[in-house]
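Chains as they are written, first to last, in my numbering: chain A, 12 to 329; chain B, 180 to 362; chain C, 1462 to 1659. Below: one structure, written as structure tokens.
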Amino acid sequence: MKLVVTTSPHIRSSLSLQKVMYTVILCLLPALFWGIYYFHIRALFLLITCSISTVVTEIIFKKVRKKPVSIGDGSALLTGVLLAMVLPPYLPLWMAALGGFVAISLGKEVFGGLGYNIFNPALLGRAFLMAAFPVQLTTWGIPARASWTSLDAITRATPLATTLPKFSGNGLYPLQKLLFGLHPGSMGEVFSIGLIVGGLILIALRIADFRIPLAAFLTLVILSSIFYFTGENYPSPSFHLLAGGFLLGALFMATDPVTTPYTKKGRWVFGMGMGALIVFIRLFGGYPEGVMYSILIMNAFTPLINRLTRPLPLGGKK
Amino acid sequence: MNYRVKMILTLLVVGAFSGGSLSFVYNKMLPKIEANLKKEIENSLLLLVPAASYKETSFQGKRVFVCRDKAGEVVGYAIIGKGGGFQGEISLLIALDKEGKKILGIDILESQETPGLGAKIDEPFFKKQFKEREAEKLEVIKGKAEKENDIEAITGATISSRAVVSIVNNYVAILKEFVEQNR
Amino acid sequence: MKSYIVFIKGLWRENPVFRQILGMCPTLAVTGYLSNGIAMGLAVVFVLVASSTVISIFRRLIPKQVRMPTFIVIIATFVVLVDYFLRANYPFLSKKLGPYVPLIVVNCIIMGRQEAFSSKNPVWLSFLDALGMGIGFTLALVILSTVREILGFGTLLGHPVLGQWFTPWVIMALPPGAFLSLGVILGINNTFQKKSTR
């Protein structure tokens, strides 16, 4: 029998919040381990900084507001992990800590805590950092090969940043490199295979709903194919899928149950909007990457989508 | 009927009083305001082409300045160039030497670029890159300038840098034409 | 005693920006630098005090039906005065404040004080009320622009205060920074207000 959770009324699921959060973190581990291995110890520092910063911020806010400290549910930790994954690995650590603070304070606690936030906290933290430190947030590095604990890096533009302004073919970053994460990028976004596997596990466990990622995937592929096959200087759909933050965003962020629609139809709408926005921001916007803003923009539309796609109650009239 | 007359009268008196006092103040302030506007351009001109007199003319609808020294010899030309930046319009002053071969320098007159990023186009390190360049097509490059006509982009403000260079390219071409015709 | 309260209430308890949420346009738009904030604040103090005093003097002569147009004309006169004054004597400042000086005409604080206070109260009290509100507005702008200039540029009144290590937060120099810092200040302010009334 197939069990699908949508709008109320429902039977209570055995999955607790805590279990969900830690399962998501587990599913992120392959990509995370690869990021740390590939970008060396600085990536590990980044991860630790973000996690500590989000968890500590959450504790402070709960204490100040005299609410029970619910740090054990892992949601603040997940936000920290996700934030670290979308940041450039060689970002100064104090900026990462500030991002974590903003993610939890402005992204979650001011709205009333988990379940009440409108925007994905990790992405909100990154959006703040992006606006505050545009130079550092668009400076990516590849590890200097010398030693594993070396703190030096060579700065390089990401495939999206080098390729999109003037597309010159996939030559510089062939598909295998993008799949196995052998290119500069955000710490947790480079290892495509790990993200795909982790995301599929989440969907198989029904923690993530398949509709949003699928809708986003289809829209992205169709739209980017149209540009790829009709125009001249546009990157290929596979490049769109693998070179930036699409996989992490679609599989792990756009499936966050709090900030995305809860109706089935709404989820399709959300995914389609997200895919289309990514293509348009990347190709015609001022930024090389559009995943963050596309998810945040669709987050803002979520209440509206919910309203418009709410199923009629039994016997209800329009 | 009475209150209508009162209404009209009140507005009339207030309007007349306000208009009168403003026109008085305006007449008093106008010379100073105009002098300020003129001084602003002249300060930039002095910076780029030190000369004794600047004669403004119009060429293809653009404002062009012919700069002469005390003896009346032409020492250079300048033009006010405008174009779209990252946010709003950028207006700059571009000066060429008397042969129309070399750029003497540029100065930003007005811009609404992002403070802290694009607004750096008004800082000496960026503007001085244009000094003593051949009046040919310039190109923006990220990182270190290598070729003769490379202009280094400001980190984080490539679009603003590109906007300035494209305005410079456009208006240098116009000014060169003017120099050709007026030599 | 009463005149003291009339003056003091605008400073904090009924602060036009933090308590009444009025005059948001200049508050958000020109608080990138402390110097801009102070200049805008002083311009508003002048317009507010001058128009409140004038309107209070003539309050019995202005018919109720046309009070709004009359007020606006009087306010606009003083605003244009300030604009000319700045353009003639402080061209640099006038350029930085841009259209926000002429826009003082439609600043709700000014019209609000005429409607709520000076059209009904004697000259001395209207003067004090306008002065208090104007200074309260300036105070709010100073607080906001101090935060934004320090974080957004690492400077205060153009002087570096944070040293070389500091990376300016570009967002604070941009419009979102104004919304963010205003929101945070309002939030903190409300929290305290709630506690003190409880």
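Using N, Cα and C, we set each Cβ at its ideal position, and we do this for glycine too.
Where the segment 285-313 of chain B meets chain C: residues whose CB sits under 7 Å from a CB there:
Against chain C - using a Cβ distance shorter than 7 Å - the residues of the segment 285-313 of chain B are T293, P294, G295, L296.
Using only the alpha-carbon positions, how far apart do F202 (chain A) and L43 (chain A) sit?
Locating residue 202 (chain A) in the first sequence gives position 191, counting from the first residue. Locating residue 43 (chain A) in the first sequence gives position 32, counting from the first residue. If I take the Cα positions, the gap works out to 8 Å.
Does the segment 1538-1547 of chain C come close enough to the segment 327-339 of chain B that 3 or more CB-CB pairs lie under 8 Å?
No: the two stretches stay apart, fewer than three of their Cβ pairs being nearer than 8 Å.
When the Cα atoms are used, what is the spatial distance from G192 (chain A) to P100 (chain A)?
For the purposes of this step, residue 192 (chain A) is taken as residue 181 along the first sequence, with counting starting at 1. For the purposes of this step, residue 100 (chain A) is taken as residue 89 along the first sequence, with counting starting at 1. Cα to Cα, the separation comes out at about 13 Å.
Does N1550 (chain C) pass the burial test, meaning 16 or more other C-beta atoms within 10 Å, or should it be called exposed?
Counting from one through the third sequence, the residue named residue 1550 (chain C) turns up at place 89. Label assigned to N1550 (chain C): exposed.
State the DSSP-derived secondary structure class of W1626 (chain C), mapped to helix, strand or coil.
In the third sequence, counting from the first residue as 1, residue 1626 (chain C) sits at position 165. For W1626 (chain C), the three-state secondary structure derived from DSSP is coil.
For E1576 (chain C), tell me which candidate among C:V1541, C:R1528, C:G1595, C:F1588 has the shortest Cα-Cα distance.
As a working mapping, residue 1576 (chain C) is identified with position 115 in the third sequence. Closest option to E1576 (chain C), Cα to Cα, is C:R1528.
Looking at F238 (chain A): is its Cβ nearer than 8 Å to the Cβ of V302 (chain A)?
If you number the first sequence from 1, residue 238 (chain A) lands on position 227. If you number the first sequence from 1, residue 302 (chain A) lands on position 291. Judged by beta-carbon spacing, V302 (chain A) lies beyond the 8 Å limit of F238 (chain A), meaning their Cβ atoms are not closer than that value.
Alpha helix (DSSP H) runs wholly inside the segment 72-148 of chain A, at least 4 long, in chain order:
Counting only runs of 4 or more, we get 86-96, 104-116, 132-143, 145-148.
Residues of chain C with CB closer than 7 Å to the CB of L225 (chain B), please, in chain order.
In the second sequence, the residue the question calls residue 225 (chain B) occupies position 46. Here the premise fails: no neighbours, minimum Cβ distance about 17 Å.
Quick one, are the C-beta atoms of T1607 (chain C) and L1495 (chain C) less than 8 Å apart?
The count along the third sequence starts at 1 and reaches residue 1607 (chain C) at position 146. The count along the third sequence starts at 1 and reaches residue 1495 (chain C) at position 34. Yes, the Cβ-Cβ distance between T1607 (chain C) and L1495 (chain C) is below 8 Å.
Would DSSP call P176 (chain A) helix, strand or coil?
Sequence index remark: in the first sequence, residue 176 (chain A) carries index 165 (1-based). With a pLDDT of only 39 at P176 (chain A), under 50, the local geometry of the prediction cannot be trusted, and no value is derived from it.
Could you pull the DSSP bridge partners for V245 (chain B) from this structure?
Here the question's residue 245 (chain B) lines up with position 66 in the second sequence. DSSP links V245 (chain B) through a beta bridge to B:K234, B:Y256.
Would the C-beta of F228 (chain A) count as close to the ligand ATP, meaning under 7 Å from any of its heavy atoms?
Among the ligands in the structure shown, none appear at all, so the ligand ATP cannot be discussed.
Of the listed residues B:K323, B:E289, B:D286, B:I273, nearest to A314 (chain B) (C-alpha basis)
If you number the second sequence from 1, residue 314 (chain B) lands on position 135. Among B:K323, B:E289, B:D286, B:I273, the Cα nearest to that of A314 (chain B) belongs to B:I273.
Throw me the rounded Cβ distance for the V358 (chain B) and L275 (chain B) pair, which I believe falls under 8 Å.
Residue 358 (chain B) sits at position 179 when you count from the first residue of the second sequence. Residue 275 (chain B) sits at position 96 when you count from the first residue of the second sequence. Contact between V358 (chain B) and L275 (chain B) holds: their C-beta atoms lie close to 6 Å from each other, under 8 Å.
Among residues of its own chain, excluding the 5 on either side of I306 (chain A), which ones have a beta-carbon nearer than 8 Å to its beta-carbon?
By one-based count along the first sequence, residue 306 (chain A) stands at place 295. Excluding residues within five positions, the ones whose Cβ falls inside 8 Å are N131, L134, G260, M264, A265, M285.
Please go through the same chain and pick out, in chain order, the residues whose beta-carbon is closer than 8 Å to the beta-carbon of P248 (chain A), but skip the five residues on each side of it.
Position 237 of the first sequence holds residue 248 (chain A). Taken in chain order, the residues that qualify are L231, V232, S235, S236, Y239.
Can you find a C-beta in chain A that's less than 8 Å from the C-beta of I1632 (chain C)?
Counting from 1 along the third sequence, the entry for residue 1632 (chain C) is found at position 171. For I1632 (chain C), the answer is yes, since a Cβ of chain A falls inside 8 Å of its Cβ.
Which residues in the same chain as T1531 (chain C) place their Cβ atom closer than 6 Å to its Cβ, once the five residues preceding and following it in sequence are excluded?
On the third sequence, residue 1531 (chain C) is found 70 positions in, with the first residue counted as 1. Non-local C-beta neighbours of T1531 (chain C) in its own chain, meaning closer than 6 Å and more than five positions away in sequence, comprise I1523, ordered along the chain.
Pull out every residue of the segment 330-346 of chain B whose Cβ sits closer than 8 Å to any Cβ of chain A, in chain order.
Correct list: T334, G335, I338.
Compare the beta carbon distance of T313 (chain A) and T274 (chain A) with 8 Å and say whether it is the shorter of the two.
Stepping through the first sequence from its first residue, residue 313 (chain A) is reached at position 302. Stepping through the first sequence from its first residue, residue 274 (chain A) is reached at position 263. No. Outside cutoff.
What is the rounded straight-line gap between the Cα of L117 (chain A) and the Cα of Y245 (chain A)?
Translated into positions along the first sequence, residue 117 (chain A) becomes position 106. Translated into positions along the first sequence, residue 245 (chain A) becomes position 234. If I take the Cα positions, the gap works out to 37 Å.
What does A107 (chain A) reach in chain C if we use C-beta pairs closer than 8 Å?
As a first step, residue 107 (chain A) must be located in the first sequence, where it is residue number 96. At a beta-carbon threshold of 8 Å, none of the residues of chain C lie near A107 (chain A); the nearest stands roughly 13 Å away.
Contacts around G180 (chain A), its chain only, beta-carbon distance under 6 Å, and the 5 residues preceding and following it disregarded
Looking up residue 180 (chain A) in the first sequence gives position 169. Low per-residue confidence applies at G180 (chain A): pLDDT is 40, beneath 50, and the placement is therefore not dependable enough to give any value.
Name the residue from C:F1653, C:G1471, C:K1525, C:V1508 whose alpha carbon lies nearest to the alpha carbon of R183 (chain B).
As a working mapping, residue 183 (chain B) is identified with position 4 in the second sequence. Nearest option by C-alpha distance: C:K1525.
Where I316 (chain A) and G277 (chain A) are concerned, what is the direct C-alpha to C-alpha distance, given to the nearest angstrom?
Against the first sequence, residue 316 (chain A) aligns to sequence position 305. Against the first sequence, residue 277 (chain A) aligns to sequence position 266. The alpha-carbon of I316 (chain A) is positioned some 6 Å away from that of G277 (chain A).
Nearest chain C C-beta to G264 (chain B) closer than 8 Å, yes or no?
Within the second sequence, the letter at position 85 stands for residue 264 (chain B). Chain C, which has no Cβ nearer than 8 Å to the Cβ of G264 (chain B), makes this no.
In or out: T241 (chain A) buried (at least 16 other Cβ within 10 Å) or exposed?
If you number the first sequence from 1, residue 241 (chain A) lands on position 230. Here T241 (chain A) is exposed: its Cβ has fewer than 16 other Cβ atoms, across all protein chains shown, within 10 Å.
Shortest alpha-carbon distance to L354 (chain B) belongs to which of B:E302, B:F203, B:K299, B:V245?
In the second sequence, the residue the question calls residue 354 (chain B) occupies position 175. Selection B:E302, B:F203, B:K299, B:V245 evaluated against L354 (chain B) yields B:V245 as nearest (Cα-Cα).
Indicate whether at least one CB of chain C lies closer than 8 Å to the CB of A133 (chain A).
Sequence index remark: in the first sequence, residue 133 (chain A) carries index 122 (1-based). Chain C contact via Cβ: absent.
CB contact below 8 Å: V1467 (chain C) versus chain B:
Numbered from its first residue, the third sequence carries residue 1467 (chain C) at position 6. No, V1467 (chain C) lies away from the interface with chain B (no Cβ there is under 8 Å from its Cβ).
Sorted by chain position, which residues of the same chain lie with C-beta nearer than 7 Å to G1648 (chain C)'s C-beta, five sequence neighbours on each side aside?
Position 187 of the third sequence, counted from the first residue, corresponds to residue 1648 (chain C). Excluding residues up to 5 positions away in sequence, nothing lies with its Cβ nearer than 7 Å to the Cβ of G1648 (chain C) in the same chain.
Have a look at L58 (chain A) and V92 (chain A) and give me their C-alpha separation to the nearest angstrom.
By 1-based counting over the first sequence, the position of residue 58 (chain A) is 47. By 1-based counting over the first sequence, the position of residue 92 (chain A) is 81. The straight-line gap separating the alpha-carbon atoms of L58 (chain A) and V92 (chain A) is approximately 6 Å.
Report yes if the CB atom of G110 (chain A) is closer than 8 Å to the CB atom of R137 (chain A), and no otherwise.
The residue labelled residue 110 (chain A) in the question sits at position 99 within the first sequence. The residue labelled residue 137 (chain A) in the question sits at position 126 within the first sequence. Against a cut-off of 8 Å, the Cβ pair of R137 (chain A) and G110 (chain A) comes out as a contact.
In the DSSP assignment, what are the bridge partners of A274 (chain B)?
Stepping through the second sequence from its first residue, residue 274 (chain B) is reached at position 95. Note: A274 (chain B) sits in a beta bridge opposite B:A257, B:G284.
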